[in-house]
Structures are given as C-alpha cells and as structure tokens.
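K.L.:
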Amino acid sequence: MSTTNFLSGVLAGVAAGVVVGLLCAPDSGEETRRKIRYTAGNWRYRIGRLLGKGSDNLAELRHVFEHEVTGLKEDVRERVLKLIDESKTSYDKFRKEALSQNS
Numbered sequence: 005m006s007t008t009n010f011l012s013g014v015l016a017g018v019a020a021g022v023v024v025g026l027l028c029a030p031d032s033g034e035e036t037r038r039k040i041r042y043t044a045g046n047w048r049y050r051i052g053r054l055l056g057k058g059s060d061n062l063a064e065l066r067h068v069f070e071h072e073v074t075g076l077k078e079d080v081r082e083r084v085l086k087l088i089d090e091s092k093t094s095y096d097k098f099r100k101e102a103l104s105q106n107s
C-alpha cells in the first residue's frame, strides 16, 4: 500500500467522522465551528512538528553512531548507518508526499 493511498484513506475516514459529528452535535453551530477550528489547528500543529522532527532525529542518530558509539564491529556500524540512511530516505519521501497532499 502506498503512502498516498494510506493518507487518502485516513483523510476520508476523518472527513466521514466530521460529517457524522456535525450531524449529531448537541452544540450550537457557532460552538461546533469553534471546536472544529481548534481541533484542526491542533492537528495541523502536531503533524507539522512530527514532519519536522523526524529528519532531525534521524540525523542526530546517525551522528551518534558515527562519532559516539564505541565497541561495535565496523560491519555492524556500517549496517546501522545504512539502515539510518534508508530510513531517512523513506521519511523524506513520506514527508514530501504528505506536504504535497496538503498544498
């Protein structure tokens, strides 16, 4: 399953939940809209932090394995660094797709 398909499914589920919530909401229209704005802003902030932190964390992990971890055999160190690089590449691709979906 591609990241785009997954995100599309998640967004469709969220949209359906919002519609059902609006139809069943006990609050006034203005109060419901205020809650929606607050929740959307909160999610936007959380997703933005998540997308920004992932790359930094992987870069920090790479630095630790390159310069601070001792006692590993060289082949183990190289394998770990390769996995970190592959994870960063996958993360960057996911981030690019996620940001292009929001634009």
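All residue numbers for the sequence shown refer to the numbering used here, where the first residue is 5 and numbers rise by one. Beta carbons: idealized from backbone N, C-alpha and C, even for Gly.
(1) May I ask you to verify whether the segment 81 to 92 touches the segment 59 to 69, counting CB pairs closer than 8 angstroms and requiring at least 3?
(2) Kindly indicate which residue of V18, E78, P30, E72 has the alpha-carbon position closest to the one of W47.
(3) Using DSSP with H/G/I as helix, E/B as strand and the rest coil, what is K97?
(4) Return helix, strand or coil for K77, following the three-state DSSP convention.
(5) Is E70 closer than 8 angstroms to L87 when the C-beta atoms are compared?
(6) So what's D31 in DSSP terms, helix, strand or just coil?
P.N.:
Result, derived from the coordinates:
(1) Enough Cβ pairs lie closer than 8 angstroms, so yes.
(2) Residue V18 is the option with its Cα nearest to W47.
(3) Reduced to three states, the DSSP call for K97 is helix.
(4) Residue state, collapsed to three classes: coil.
(5) No.
(6) Assigned with DSSP and collapsed to three states, D31 falls in coil, not helix or strand.
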